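Participant:
Number of protein chains: 2
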Amino acid sequence: MNSAVAVRNPDITRQKILDVAFEEILLKGYQGLRVDQVLKRTALTKGAFYHHFTSKQALGHAVIDEVLKPWIVEKWVEPLKEFKNPVDDLINMLTEARKEINTAELHTGCPLNNLTQEMSPLDESFRLRIANIWQMWHQSLAEAFERGRHNGTIRTDVKPGNVARFLIAAMEGIIGQCKCYMNDQAFDEAGECLRDYIESLRA
Amino acid sequence: MNSAVAVRNPDITRQKILDVAFEEILLKGYQGLRVDQVLKRTALTKGAFYHHFTSKQALGHAVIDEVLKPWIVEKWVEPLKEFKNPVDDLINMLTEARKEINTAELHTGCPLNNLTQEMSPLDESFRLRIANIWQMWHQSLAEAFERGRHNGTIRTDVKPGNVARFLIAAMEGIIGQCKCYMNDQAFDEAGECLRDYIESLRA
DNA sequence: GAATTGACAGACTAGTTGGTCTGTAGTTAA
DNA sequence: TTAACTACAGACCAACTAGTCTGTCAATTC
């Protein structure tokens, strides 16, 4: 019996589990995620957990669909819709993002990449859900370049789909590489080249 | 009692464990690696395993130092020493590597990136060993560009260290992205941009 | 306001997993 | 030849972990 609050709010309870599970997966990976640890941190019990999720795998699905995906949508897909000048807008975005990153966070890596590398080979149900997110991100970035081509801010010989794939890969690669260095030097070194490359796309 | 061969060769035994463990880690990750599964595949027993390795963690260390590291040395560090014209040599190397990759393998991802993303946050002892490999790779690639600058095959305004970081990141990012797509389309799309970027470094 | 349902609490379990320990056969040195 | 040591074999164990089950209290329905 939980002595304190007896107020019930199933939606908040569920969301608390998802948020903590997401954090735990970032730190330990899905396979290192312990249901008990999530319950400890949320001050909930097995009863609560298995009321909201049928299994650990179901939790994994929910984390991908309800935490990771919305995060990419908010962070990338939505802003990309507003891009008028992809070169400037992208560089601005990356510059802003760079300011927010501290050395400690850098050690965590990108959530999308983390889940991709560990979870996608484990289970087809994970892989498909994650591939969906990559696809979404790729498409919105490609569309931004497509618009840039049409409005004269991007070189006409640029292939939006290809460049989008390459840029996403480069960004993830940079973050992933820095994950095992404790300093952000590698981040800025590669970042300089990334900026130059983006600049080279300008019409 | 093993009925068949009673010949003893501790070095081969140890190497068999390392090779199978490496494969298992590629498929399931370190946390998904089961000592029992390695023993099953090698037809060995607990006695053999804990004679050669003090713990699962020690096995992880050995896999990084004695399998992953030599693999990068053979695949990258050694060939890079011979590079005369980094642009041509790199494009040749990537073209050859592309031929060897089939869709199934693509699903496995790059061993270095796999271990980096999963293992480096788990334990400082893992992180340092893996960072050492990245550093080695980066240095040998940077040196190749440095030589290219001096022998006139690479633009003089290219910063070898930065470009090396960026290229490594891009390559890893491309492979990592393809890990959750089952086709190699994304690979070739991004690969085209990668080639263009490398070409742009030519003096 | 009684009954039904929803949202948990928490003890318990069965299966897994890294690791131990004793025994034994091959190998080597004297 | 034999004693000492190495390289295993394989039964066993303790800890962990996902998942179950019964009970209980709040919330909603009628």
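Sequence lines, in order, name chains A and B. In case it helps, the working numbering puts the first sequence at residues 619 to 821. In case it helps, the working numbering puts the second sequence at residues 619 to 821. Each residue gets a CB set at the ideal place from its N, CA and C atoms; glycine is no exception. Since we're looking at a predicted model, the values are computed, not measured.
(1) Have a look at the DSSP bridge pairing and note the partners of Arg820(B).
(2) Residues in its own chain within less than 7 Å of Leu730(A) by CB, not counting five upstream and five downstream?
(3) Output needed in chain order: residues of the region 723-741 of chain B with a Cβ under 8 Å from some Cβ in chain A.
(4) Would Val625(A) be called buried (16 or more neighbouring beta carbons within 10 Å of its own) or exposed?
(5) Do Arg783(B) and Cys811(A) have their CB atoms nearer than 9 Å?
(6) For chain B, check one thing: does any of its Cβ atoms lie closer than 9 Å to the Cβ of Glu807(A)?
(7) Run the CB neighbour count on Ala622(B), radius 10 Å, all protein chains shown included, and call it buried at 16 or more, exposed below.
(8) Check this for me: beta carbons of Ile643(A) and Phe667(A), under 9 Å apart or not?
(9) Going by DSSP in three states, Val625(B) sits in which element: helix, strand or coil?
(10) Buried or exposed: where does Gly770(B) fall if 16 or more other Cβ atoms within 10 Å of its Cβ makes it buried?
(11) Measuring only the C-alpha atoms, how far is Ala676(A) from Cys796(B)?
(12) Gly766(B) to Lys777(A), Cα distance in whole Å?
(13) Against Leu645(A), what residues of chain B qualify as contacts under a CB-to-CB distance less than 8 Å, listed in chain order?
(14) Let me see if you follow: with CB-CB separation under 9 Å, is Gln757(A) close to chain B or not?
(15) Assign Lys646(B) to one of three DSSP states: helix, strand, or coil.
(16) Using alpha carbons as the reference points, say which of Asn627(A), Asp706(A) and Leu651(A) lies closest to Arg820(A).
(17) Report the option in Leu785(A), Ala661(A), Thr631(A) and Leu712(A) whose CA atom is closest to the CA atom of Lys693(A).
(18) Quick check: the Cα distance between Met720(B) and Asn732(B), rounded to an integer number of angstroms?
(19) Could you tell me the boundaries of the alpha helix (DSSP H) in which Trp689(A) lies?
(20) Would DSSP call Pro778(B) helix, strand or coil?
(21) Indicate whether at least one CB of chain A lies closer than 9 Å to the CB of Asn620(B).
(22) So with CB distances below 8 Å, who are the chain B contacts of Glu781(A)?
(23) Check each candidate in Asn780(A), Met754(A) and Gln655(A) and name the one with the smallest Cα separation from Glu764(A).
(24) Could you give the residue range of the alpha helix (DSSP H) that holds Asp802(A)?
(25) According to a CB-to-CB cut-off of less than 7 Å, which residues of the region 794-806 of chain B neighbour chain A?
(26) Closer than 9 Å, CB to CB, is Glu790(B) near chain A or not?
(27) Quick one: list the residues of chain A neighbouring Ile772(B), beta-carbon separation under 8 Å, in chain order.
(28) Counting only C-beta atoms, is Arg745(B) closer than 9 Å to chain A at any point?
(29) Run through the region 716-742 of chain A for me and flag every whole alpha helix (DSSP H) of 4 or more residues, listed as ranges in chain order.
(30) Output the boundary residues of the alpha helix (DSSP H) element that contains Thr660(B).
(31) DSSP on Phe744(A), reduced to helix/strand/coil?
(32) Quick check on this structure: which residue in Ile786(A), His670(A) and Leu645(A) has the alpha carbon closest to the alpha carbon of Gln633(A)?
(33) Identify which residue in Ala749(A), Glu723(A) and Lys717(A) has its Cα closest to the Cα of His725(B).
(34) Quick check: what's the CA-CA separation for Asn801(A) versus Leu740(B)?
(35) Between which two residues does the alpha helix (DSSP H) holding Glu684(B) run?
(36) Could you give the DSSP three-state label for Thr713(B): helix, strand or coil?
Facilitator: In brief:
(1) Ile772(B)
(2) Leu686, Ile690 and Ile751
(3) His725, Thr726, Gly727, Asn731, Asn732, Thr734, Gln735, Glu736, Ser738, Pro739 and Leu740
(4) exposed
(5) yes
(6) yes
(7) Because the pLDDT of Ala622(B) is 40, which lies under 50, any placement of that residue in the model is unreliable, and the question is left without a value.
(8) no
(9) coil
(10) exposed
(11) 24 Å
(12) 29 Å
(13) Pro739
(14) no
(15) helix
(16) Asp706(A)
(17) Leu712(A)
(18) Residue 720(B) is actually Asn in this sequence, not Met. Using only the alpha carbons, I get a separation of about 18 Å.
(19) Lys687 to Ile690
(20) helix
(21) No answer about Asn620(B) holds up, because its pLDDT of 36 lies below 50 and its placement is not dependable.
(22) The question names Glu, but residue 781(A) in the sequence shown is Val. Chain B residues near Val781(A): Cys811.
(23) Asn780(A)
(24) From DSSP, Asp802(A) is part of no alpha helix (DSSP H); its letter is neither H nor E.
(25) Gly794, Gln795, Lys797, Cys798, Tyr799 and Ala804
(26) yes
(27) None at all; the shortest Cβ gap to chain A is about 14 Å.
(28) yes
(29) 721-724 and 729-737
(30) Val653 to Thr660
(31) helix
(32) His670(A)
(33) Ala749(A)
(34) 17 Å
(35) Careful: Glu684(B) lies outside any alpha helix (DSSP H) and carries neither H nor E.
(36) helix
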